[in-house]
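These notes concern the structure reproduced below.
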Amino acid sequence: MTPTPQTTPPAGARPLLEVEDLRVRFSRRGQPATTAVDGVSFSVDAGEVVGLVGESGCGKSVTSLAVMGLLPSRGTRVTGSVRFDGTELLTMAPGQLAARRGKDLAMVFQDPMTSLNPVLTLGRQLTEVLRAHTDLDRAARKAEALDLLGRVGIPDPRRRLGEYPHQLSGGMRQRVLIAIALACSPRLIIADEPTTALDVTIQAQVLDLLTTLVRESGTAMVLITHDLGVVAGTCDRVNVLYAGRVVESASRQDLFARPRHRYTSGLLAAVPRVDAPEGTPLQPVRGTVRDRLEWDAGCAFLPRCGRGDGACRTGGIPLAPTDADRARHPDHEARCVHPAGATT
Amino acid sequence: MLTLIVRRLGLLVLVLFGLSILLFAWVRALPGDPARALLGQKATPAGIAEVTARYGFDKPVWQQYLTYLGRLVRGDFGASINTGQPVLSTFTERFPATIELSVAALLLAVVVGVPLGYVAARRRGGLLDNLAVGGSLLGVVVPVFFLAVLLKYVLSIWLGWFPTSGRQDARIDATHVTGFYVLDGLLTREWDASWDALKHLVLPALALGSIPLAIIVRITRASVLEVLSEDHVRTAQAKGLARSVISRRHILRNALLPVSTTLGLQAGALLSGAVLTETVFSINGIGSYLFDAVNQLDYPVLQGFILFIALVYALVNLVVDVSYGLIDPRVRVS
Amino acid sequence: MSALDAVGTTAEPDAEPTGEAGLGPWAAAWRRLRRNPSGIVGAVIVLLFVLVAVLAPVLAPYRPATGQWFGEVTPTSVPGPSAEHVLGLDSFGSDLLTQLLYGARSSLVIGVVSTAVGLAVGAVLGILAGGLGGWVDTVIMRIVDVLLSIPSLLLAVSVAALLGRNAVSIMLAISAAQVPIFARLLRASLLAQRGQDYVVALRSLGLRRRRIVVGHMLPNALGPVLVQATLVLATAVIEVAALSFLGLGAADPAVAEWGRMLVTAQGRLEQAPQLAVYPGLAIAVTALGFTLLGEALREALDPRSDR
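Protein chains in written order, with the numbering used here: chain X, 1 to 344; chain W, 1001 to 1334; chain D, 2001 to 2307.
So, in structure tokens, the structure goes:
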């Protein structure tokens, strides 16, 4: 199963993944319900790498789990629409959804130490995906597994097949997990903070590997991270999440060159610069995630924003191109009444 | 692996050694002259002289200990004061009954307990879960002997569904090959004998198995709950594997590890329970042997018993530890 | 360095989310305990048990084990409930209710004393082993291993057989089985704490070893010890009964002790099942109370978000 690089899709083709107004509410016994995802919408084209950026608690992981259908059924309410290649996933029967997982959509999780089954061999954990979704016979499965291990850069793959997870380092395990995700050549991979739990020295390697493999095979990817630096190096488009909703969506170049939402601009300004004069104070975004409004009452970021006013207190601010972008960068959308760099 | 076994066997020898010293000291610590204490009620001057000569009580202590040790090693655990029979042979004669009972009890506990614990964990908070938790609590708290008496009264005396005592109806002229009556019936094709033995086994096995059952339900449930919350289950789901595959290969197998270790630890509880259960149901196993020995303060039997139990217990634990290494690959390499 | 890591650096520290802000660990545990329904049930049962045991002379209508109505007992029948005897008589002619109430007494006394002794001896051994380490540790743990190699009931039986048939021997017998449990517990607790940062910090401040162990590590071990003691009491109650069932208690079979009552009840099972049911239930309920309380204590002292 050699990977075939995909040509860019014809313009106007339907997006591979369309998430529309996704909301996820958790309710636990005896506690008020919490809305983790509050109306998230974004799309991913075939072969595109889209970043989902946000700090802890903004709902990015929950979004990915909702897309894959991996949220616990008890105590969870998911509304909205998730369309994969035109087919609605949220209303699909669990059996049908399971058949697609691993085959069309795959996921790489954050913590490689715990994401593998400790009592099964690596070979087993690789081949069982192949067994579930392909017709390959045993020998072919084994050959494929070896090939996959080689592709993710694991040395001496023949020996590794019979080994157990605890015999590998964290970086190696994550490579195996990537191999598992790629095994059936899925059309979309969701990578949830794939390098966060790894040593800093390994992070770049693994990230490189992931993006290379994805590009080579033309697989689309949703990359979830809190690290803008990671985004800058890998993604075609970026969606910035805040308090459960997308507040800015743009191409990589547009986002870093002309951030519009005050949160995004605040984040970028907070990065200390090597070339700044000595003694320049750091510029954090003040306040915490808890200081927020509900989206229905206005902009959730208002309490922390330095430039908000009464106009920000209207509910339902749309995600749309700002005045400055409307003409020449209509793909650059922001959910802001007083965006940065605006002429008004 | 091999080093583990060797080390444990060495440890076992040490423990037995320590026990033998303790036991030796024990008899010497009994009030009065050791021979008299040993004979208890049946002490006569001739008897005392004989015992003193036989066990060498008139010799210096260290020499006594050496002879004692020598006898132990040769398998001479002394003779019962009351029956006069050698302790070891009575043991081997009566052991099968206790084993049959214990195996039946353990089987019951596992066959009922594991699925129950598993389902309770999967349907957490449901009726079955609450029943399982409550039931297991009762199982631990209700004393084995009380349960045995209750079962005997309700199911045997009152309802008459099961026989009251013994292992087999004497009127069935059964041939005994191994000493395991149910098995014997099967081997000799005397189906009625086998069936009858089985019926006699039900109530005692229920009583004896109540504690292991309760423990297994609890541990299985806790273990499954823990595995369910582990990340690798989510990975398995993300792979799109069928539900049954996930349940079997990724949940159950991982959850059974702690359960299998406790099985070995149940050996001790089973033995204690056997003493009480065999008494209530008049089964001639080593449990009731101990009961009689305690009641009559039959010291040689008690001594032999303690050594025997320590040996069996340690061996069982060793087997459990070794098998744990076989099941859990993480333990293997170290 | 990620920009997002800079977010919130000037913010106020998070307030305690659970509403237990400001409570020390003991007060917080007490709070959790109060909210636990099965813990409350257990506590109530234990309290009742203790009250009954202590106030038995006051509560009981008659004196125990007198056998004064033996004339009313025939080989084929035992008198049931009547106006003078609320629960009837036992097979020796004593008032059943009185026997039950006084039975609580002996269970309480023997249970508490044996647990206390087991705790004291076990704790000392465990502290020595864990605190001093080295060959002391090895020797003590080997002894504990030997004791543990014998199932507790059989160990208790051996000790009781050795010391004769009286209450003291039963107490010592049961504590002998408990010593290894507490020894292991204390040792494990000390070892676990030895590696913790706060101990290293105290040593770097120059505190003497003994001061650290007594003043700091022991109070931290208190919680699990309390839990274990409660649970051990539950088994002690059962073991007291089991030992007297086996005939190792006081020599007099008519004595007011639940286990003994159960033994003698076997002979009259068809005529008077209540002779077995009452004491058996008493044992079970009492053990249940201690177990519920112990489990609730464990939850309270070490809360987990899932149960």
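C-beta atoms are modelled at their ideal positions from N, C-alpha and C, and glycine is treated no differently.
The structure presented is a predicted model; accordingly, all values stated were derived computationally and were not measured.
Query: Close-in-space but distant-in-sequence residues of the same chain around CYS312(X) (CB under 6 Å, 5 per side omitted); Result: GLY298, CYS299, LEU302, VAL337
Query: 8 Å contact criterion, which GLY69(X) and GLU20(X) should meet: CB distance rounded; Result: Contact doesn't hold; Cβ gap of about 16 Å is too wide.
Query: Reduced DSSP secondary structure (H/G/I, E/B, other) of MET1947(D); Result: Outside the displayed range of chain D (2001 to 2307) lies residue 1947(D), so it cannot be described from this structure.
Query: Start and end residues, beta strand (DSSP E) containing PHE26(X); Result: 17-26
Query: Status (buried if at least 16 other CB within 10 Å, exposed otherwise) for ASP325(X); Result: buried
Query: Assigned secondary structure, PHE2078(D) (DSSP; H/G/I helix, E/B strand, else coil); Result: Per the sequence presented here, residue 2078(D) reads as Val, with Phe not at that position. Coil, per DSSP.
Query: Bridge-paired residues (DSSP) for SER1061(W); Result: In the sequence as presented, Ser is not what sits at residue 1061(W); that position holds Val. Answer by DSSP bridge pairing: none, since VAL1061(W) is not bridged.
Query: Residue range of the beta strand (DSSP E) that includes VAL152(X); Result: It is not in any beta strand (DSSP E) - VAL152(X) carries neither H nor E in the DSSP assignment.
Query: First and last residue of the uninterrupted alpha helix (DSSP H) at TYR242(X); Result: Taken as a continuous stretch (DSSP letters only), TYR242(X) belongs to no alpha helix (DSSP H), being part of the beta strand (DSSP E) at 237-242.
Query: Boundaries of the beta strand (DSSP E) in which GLY2126(D) is found, first to last residue; Result: Per DSSP, GLY2126(D) belongs to no beta strand (DSSP E); it is in the alpha helix (DSSP H), 2096-2132.
Query: Interface residues of chain W facing VAL2052(D) [CB-CB closer than 9 Å]; Result: What VAL2052(D) touches in chain W: nothing, since even the nearest Cβ is about 18 Å away.
Query: CB contact check: ASP111(X) to chain W, cutoff 8 Å; Result: yes
Query: Residue(s) in a DSSP beta bridge with ILE190(X); Result: MET107(X), VAL222(X)
Query: Against chain X: residues of the stretch 1240-1265 of chain W by CB proximity under 8 Å; Result: GLY1240, LEU1241, ALA1242, ARG1243, VAL1245, ARG1249, HIS1250, ARG1253, ASN1254, LEU1257
Query: Top-ranked residue by Cα proximity to VAL2246(D), from LEU2207(D), GLU2295(D), ALA2156(D), LEU2202(D); Result: The sequence shown places Leu at residue 2246(D), rather than the Val named in the question. Out of LEU2207(D), GLU2295(D), ALA2156(D), LEU2202(D), ALA2156(D) has the C-alpha closest to the C-alpha of LEU2246(D).
Query: Own chain partners of LEU2163(D) with C-beta closer than 8 Å, once the 5 adjacent residues on each side are dropped; Result: SER2169, LEU2172, ALA2173
Query: Min CB distance GLU1226(W) to chain X below 8 Å; Result: no
Query: SER2091(D): first and last residue of the uninterrupted alpha helix (DSSP H) it sits in; Result: SER2091(D) -> no alpha helix (DSSP H), and no H or E assigned at all.
Query: Contact residues within the stretch 1147-1169 of chain W, judged by C-beta distance below 9 Å to chain D; Result: LEU1147, VAL1149, LEU1150, LYS1152, TYR1153, VAL1154, ILE1157, TRP1158
Query: Span of the alpha helix (DSSP H) around VAL1087(W); Result: 1087-1122
Query: Where ARG286(X) sits in the DSSP three-state scheme; Result: coil
Query: Sufficient close CB pairs (3 or more, under 8 Å) joining the stretch 2124-2138 of chain D to the stretch 2179-2194 of chain D; Result: yes
Query: Cutoff 8 Å: ASP1321(W) Cβ touching any chain X Cβ; Result: no
Query: For GLU248(X): DSSP bridge partner residues; Result: VAL240(X), ALA334(X)
Query: Sufficient close CB pairs (3 or more, under 8 Å) joining the stretch 1276-1287 of chain W to the stretch 1083-1101 of chain W; Result: yes
Query: Rounded separation between THR114(X) and SER1229(W) - CA only; Result: 11 Å
Query: Complete runs of the alpha helix (DSSP H) confined to the stretch 1257-1315 of chain W [at least 4 residues]; Result: 1286-1296
Query: Neighbourhood of TYR242(X) by C-beta distance below 7 Å, restricted to the same chain and skipping five residues each side; Result: GLY54, CYS58, TYR263, ALA300, PHE301
Query: Proximal chain W residues relative to ALA2242(D), where beta-carbon distance stays under 9 Å; Result: PRO1143, VAL1144, PHE1145, SER1272, VAL1275, LEU1276
Query: N- and C-terminal bounds of the alpha helix (DSSP H) containing LEU1201(W); Result: 1191-1228
Query: Residues that ASP1328(W) contacts on chain X, provided the C-beta gap is smaller than 7 Å; Result: VAL119
Query: Own chain partners of ASP199(X) with C-beta closer than 8 Å, once the 5 adjacent residues on each side are dropped; Result: GLY170, GLY171
Query: DSSP state of VAL274(X) mapped onto helix, strand, coil; Result: coil
Query: Proximal chain W residues relative to PHE2245(D), where beta-carbon distance stays under 7 Å; Result: PHE1145, LEU1276
Query: Min CB distance TYR242(X) to chain W below 8 Å; Result: no
Query: Chain W within 8 Å of LEU2248(D), Cβ atoms only; Result: yes
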